[in-house]
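J.: If you use my numbering, the sequence shown corresponds to residues 5 to 393, in order. Just so it is clear, CB atoms sit at the ideal spot from N, CA and C, and this is done for glycine as well.
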Amino acid sequence: MNNLLLMLAIAALATFPIGVGADIPPAYTAIIEQSGTVVCSELPSVSCELSAVVWVRTGADGNGYLVFGNDKPPKSGKESSVFSMPYSGSVFQGSGTRSFYSFLPFSQASKFEAMSVAPDGHYVIAATAFDRYHEADSALDKFNMLISWPTADPQKAKIVSSSQRDGIESSRAIRGLLGKAIRKKFGEQADYFKLEGIALLPDNRIIFGIREIGLTYTAFDYHVTLIEGKYAIRNGEFILDEKAELEVIRDFSDAASIVGRKVGISSIEYDATKKQLYVLTTFENDEEKSVGAYLWVLPDNNGTLGSSLQLVRTSDGLPFELPHKAEGLTLLGDGRLFIVHDDDRNMTNVRFGGKNGGQLRARRLNEAPFDILKVCSAQNSLTCPVTID
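#1: Less than 8 Å between the beta carbons of Ile231 and Ile262, yes or no?
#2: By the DSSP assignment, the beta strand (DSSP E) with Lys184 in it spans what residues?
#3: So for Asp320, helix, strand or coil by DSSP?
#4: Does the region 144 to 162 touch the region 171 to 180, meaning 3 or more C-beta pairs lie closer than 8 Å?
#5: Is the beta carbon of Val267 closer than 8 Å to that of Asp347?
#6: With DSSP as the reference, please indicate the residues paired to Leu315 in a beta bridge.
#7: Quick one: grab the DSSP three-state call for Lys146.
#8: Among Asp338, Thr334, Leu335 and Ala330, which residue has its Cα nearest to the Cα of Val354?
#9: Can you give me the C-alpha to C-alpha distance between Phe324 and Ala118, rounded to a whole angstrom?
#10: Over the uninterrupted alpha helix (DSSP H) stretch that includes Ala260, give me the two end residues.
#11: Kindly indicate which three-state DSSP category Pro158 falls into: helix, strand or coil?
#12: Between the beta-carbon of Asp135 and the beta-carbon of Lys234, is there less than 8 Å?
#13: With DSSP collapsed to three states, give me the class of Gln97.
#14: Am I right that Gly213 and Glu200 are in contact with their C-beta atoms under 8 Å? What's the rounded C-beta distance?
#15: Could you tell me which of Asn350, Glu288, Pro303 and Asn305 sits nearest to Ala297, measuring between CA atoms?
#16: Considering only the alpha carbon of each residue, which of Thr286, Gly183 and Gln38 lies closest to Glu251?
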């Protein structure tokens, strides 16, 4: 009888794919504390497709502001794709005052896809998609930028690993390093890639999250791929260590087998307190005209990221799924996350308020949905309440 039980247990464990955690009972659960929309512009014709966010604290009392990145350009010279809004870390007012970063280098970059704040909170970085480039077309260089700035002074923002071509400053060198790492792992046919995540970790580690890899922008596969490098702060300037070769350290593209959908990475951020990396993935189903997102946790053990993603679930063990194309993630502390969604031009429904309360209406073109989540860990004996209204 004991041998039979052992065989059944082994068979059950074998059903879970290598590289993705089994999570039974759920190691991590989540609930929604608040939902709503961020108003990107007073102009109703501006497409608000937020794909990046970072929370910058300005004091020990929790005061600060959220910095957002829109992957669509502004329609007014007074506005920009990057802007900030005041936020104290509690309830967020998505129609609040916006401060636009309508100055260089932000005004020159196109298609922001990722942001992160350093573990010590002193520096912020923002990355574009790095998905468009041509040796004979310098106009595409604006899609290849990594920008850094001191948290207290975005006016001092600089382009990392900067070079100029036809008067356009960009991070073309970083694109070359990323491409080299991807081709080394996936072969010479992997000429096309798209970056959608970036995170700064302790020990001066930087992680790039790659969502798409393939021959071209029309012939690619979705990926959950992590590339690691090194960075430094020298004379008050953020430097990518180009002598430390970028390397693909994890590929979790088998995550699709646990959620039953093809997913690609859409954001990452590191929790220095809990020593773990949050990984956000999304799916797009053109036939069903549906989008959605899943959240995962990857432990960081002694400076080495784990080899098994842990899926965040509901209290009853089902995958915790957001009904939006979540693309930006930032930490609020105490297991709370702020997530922004890029539903493209789909006028998806948004519930304003708590999980089971508030008004339900279609978003407007100049709005982007957001959610504030509470993530709880069974390991730390933390339990999420069933609902927060």
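T.: Taking the definition as stated:
#1: One-based indexing of the sequence shown puts residue 231 at position 227. One-based indexing of the sequence shown puts residue 262 at position 258. Against a cut-off of 8 Å, the Cβ pair of Ile262 and Ile231 comes out as no contact.
#2: Taking the sequence shown and counting its residues from 1, one reaches residue 184 at position 180. Looking at the DSSP string, Lys184 is not in any beta strand (DSSP E); the run it does join, the alpha helix (DSSP H), is Arg176 to Phe190.
#3: Counting from one through the sequence shown, the residue named residue 320 turns up at place 316. Note: Asp320 maps to coil in three-state DSSP.
#4: yes
#5: Within the sequence shown, the letter at position 343 stands for residue 347. Within the sequence shown, the letter at position 263 stands for residue 267. No, the Cβ-Cβ distance between Asp347 and Val267 is not below 8 Å.
#6: Locating residue 315 in the sequence shown gives position 311, counting from the first residue. Answer by DSSP bridge pairing, in chain order: Trp300.
#7: The residue you call residue 146 lines up with position 142 of the sequence shown. Of the three classes helix, strand and coil, the one that applies to Lys146 here is helix, per DSSP.
#8: Within the sequence shown, numbered from 1, the residue matching residue 354 stands at position 350. Of the candidates Asp338, Thr334, Leu335 and Ala330, the one whose C-alpha sits nearest the C-alpha of Val354 is Ala330.
#9: Counting from one through the sequence shown, the residue named residue 324 turns up at place 320. Counting from one through the sequence shown, the residue named residue 118 turns up at place 114. Whole-angstrom Cα-Cα distance: 22 Å.
#10: Taking the sequence shown and counting its residues from 1, the one referred to as residue 260 is at position 256. Segment Ala260 to Val263, the alpha helix (DSSP H) holding Ala260.
#11: The count along the sequence shown starts at 1 and reaches residue 158 at position 154. Here Pro158 sits in helix by DSSP.
#12: Locating residue 135 in the sequence shown gives position 131, where the first residue counts as 1. Locating residue 234 in the sequence shown gives position 230, where the first residue counts as 1. Cβ distance not < 8 Å, so Asp135 and Lys234 don't count as in contact.
#13: As a first step, residue 97 must be located in the sequence shown, where it is residue number 93. If DSSP states are grouped into helix, strand and coil, Gln97 belongs with coil.
#14: Along the sequence shown, read from residue 1 onward, the residue named residue 213 stands at position 209. Along the sequence shown, read from residue 1 onward, the residue named residue 200 stands at position 196. Correct: roughly 6 Å between the Cβ atoms.
#15: As a working note, residue 297 is residue 293 in the sequence shown. Answer by Cα proximity: Glu288.
#16: Taking the sequence shown and counting its residues from 1, one reaches residue 251 at position 247. Here the closest residue by C-alpha is Gly183.
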